[in-house]
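So the protein lines, in turn, are chains A and B.
Mapping the first sequence onto my numbering, position 62 (from 1) lands on 62, and the numbers just tick up by one.
Add 1000 to the 1-based position in the second sequence for my numbering, that's all there is to it.
The C-beta atom is built at its ideal place from N, Cα and C for all residues, glycine as well.
Have a look at the structure below before the remarks.
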Amino acid sequence: NAGVTQTPKFQVLKTGQSMTLQCAQDMNHEYMSWYRQDPGMGLRLIHYSVGAGITDQGEVPNGYNVSRSTTEDFPLRLLSAAPSQTSVYFCASSRDRGRSGGYTFGSGTRLTVV
Amino acid sequence: GNSVTQMEGPVTLSEEAFLTINCTYTATGYPSLFWYVQYPGEGLQLLLKATKADDKGSNKGFEATYRKETTSFHLEKGSVQVSDSAVYFCALTPDGGGSNYKLTFGKGTLLTVNP
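Structure, rendered in structure tokens:
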């Protein structure tokens, strides 16, 4: 199994540009999440989804949109990139709210906004 | 709200030394507790877990015991190797139903093991 696949691995954007970070999982997991990782901040939840058609905001949702049209895919959209969005982004999925099996993470997208 | 506090690093050890990384949490009920590991340039991998009080999670020589009375889940390894060099994250998912499932992380501890 591929697990959780994120694309691209690296991206450089100019301030004001938009882009979509892709995330796909092949484990039929209901729960999917996006986190950003910044030095000294740990991982912070941006948005999450408990199933197709259902999304909600996490701790730091401003400047990001998500949708969940299928179980497999959970793209993250940056509407108008800002230097403060320079970060490493991780997508994660789980079968059971993460209670017993934990979460499976993608390998990350390193985004730089100049 | 829920929170996880883990010892700040960086931690530098010699090969074969004993490792402890402290982790305490704040949450109601009985959260599930996890240690994740992040090797350089990679995503997070689940290292071990415990889902109820007094459970011991173990994997690759690492162990952690879910202590409800002290709200702790300290990570230990008896003899570290250079290949254990990574960032370690303590995390929890809360007890309860509904959509209350979010994973809450500590800030991570960088471990460097020297030969």
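*asked:* Short of 8 Å Cβ to Cβ, which residues in the segment 1026-1047 of chain B face chain A?
replied: S1032, F1034, Y1036, E1042, G1043, L1044, Q1045 and L1046
*Give a yes or no on whether the C-beta atoms belonging to A/S18 and A/L78 are separated by under 8 Å.*
For the purposes of this step, residue 18 of chain A is taken as residue 18 along the first sequence, with counting starting at 1. For the purposes of this step, residue 78 of chain A is taken as residue 78 along the first sequence, with counting starting at 1. Taking 8 Å as the Cβ cut-off, A/S18 and A/L78 qualify as a contacting pair.
*Beta carbon of A/K14 nearer than 8 Å to that of A/V88*: Numbered from 1 along the first sequence, position 14 holds the residue referred to as residue 14 of chain A. Numbered from 1 along the first sequence, position 88 holds the residue referred to as residue 88 of chain A. For A/K14 and A/V88, no; Cβs fall outside 8 Å.
*Mind the definition here: the segment 51-70 of chain A touches the segment 1003-1017 of chain B only if three or more C-beta pairs lie below 8 Å; say whether that holds.*
no
_Helix, strand or coil for A/S84? Go by DSSP, reduced to three states._
Mapped onto the first sequence, residue 84 of chain A falls at position 84. Correct three-state label for A/S84: helix.
*Taking 8 Å as the CB-CB limit, is A/M41 close to chain B?*
Within the first sequence, the letter at position 41 stands for residue 41 of chain A. With 8 Å as the cut-off, A/M41 counts as an interface residue toward chain B.
_Determine, for B/L1075, whether the minimum Cβ-Cβ distance to residues of chain A falls below 8 Å._
Sequence index remark: in the second sequence, residue 1075 of chain B carries index 75 (1-based). No, its Cβ sits nowhere closer than 8 Å to a Cβ of chain A.
*Rounded to the nearest angstrom, how far is the Cβ of A/G16 from that of A/S80, given a contact under 8 Å?*
As a first step, residue 16 of chain A must be located in the first sequence, where it is residue number 16. As a first step, residue 80 of chain A must be located in the first sequence, where it is residue number 80. Their Cβ separation, rounded to whole angstroms, is 5 Å, which keeps A/G16 and A/S80 in contact under 8 Å.
*Count the C-beta pairs between the segment 1042-1052 of chain B and the segment 1062-1075 of chain B that are closer than 8 Å, then say yes if the count reaches three, no if not.*
yes
_DSSP-derived helix/strand/coil call for B/D1084_ = If you number the second sequence from 1, residue 1084 of chain B lands on position 84. Helix at B/D1084.
_Less than 8 Å between the beta carbons of A/F105 and A/V12, yes or no?_
Along the first sequence, read from residue 1 onward, the residue named residue 105 of chain A stands at position 105. Along the first sequence, read from residue 1 onward, the residue named residue 12 of chain A stands at position 12. No, the pair does not count as a contact, with Cβ atoms beyond the cut-off.
*Taking buried to mean at least 16 other C-beta atoms within 10 Å of its own C-beta, is A/Q57 buried or exposed?*
Start at 1 with the first residue of the first sequence, and residue 57 of chain A comes out as number 57. Exposed, because fewer than 16 other Cβ atoms sit within 10 Å of the Cβ of A/Q57.
*Where does B/H1074 sit, in a helix, a strand or coil, going by DSSP?*
Here residue 1074 of chain B refers to the residue found at position 74 when the second sequence is read from its first residue. DSSP places B/H1074 in coil when its eight states are reduced to three.
*Just how far apart, CA to CA, sit B/T1028 and B/K1056?*
Along the second sequence, read from residue 1 onward, the residue named residue 1028 of chain B stands at position 28. Along the second sequence, read from residue 1 onward, the residue named residue 1056 of chain B stands at position 56. Each residue's alpha carbon lies about 20 Å from the other.
*Taking B/G1009 as the reference, give the member of B/W1035, B/K1107 and B/G1041 with the closest Cα.*
The residue given as residue 1009 of chain B occupies position 9 in the second sequence. Ranking the options by Cα distance to B/G1009, first place goes to B/K1107.
*Looking at C-alpha atoms only, which residue of A/I46, A/T71 and A/D73 is the closest neighbour of A/N65?*
Counting from 1 along the first sequence, the entry for residue 65 of chain A is found at position 65. When each option's Cα is compared against that of A/N65, the closest is A/I46.
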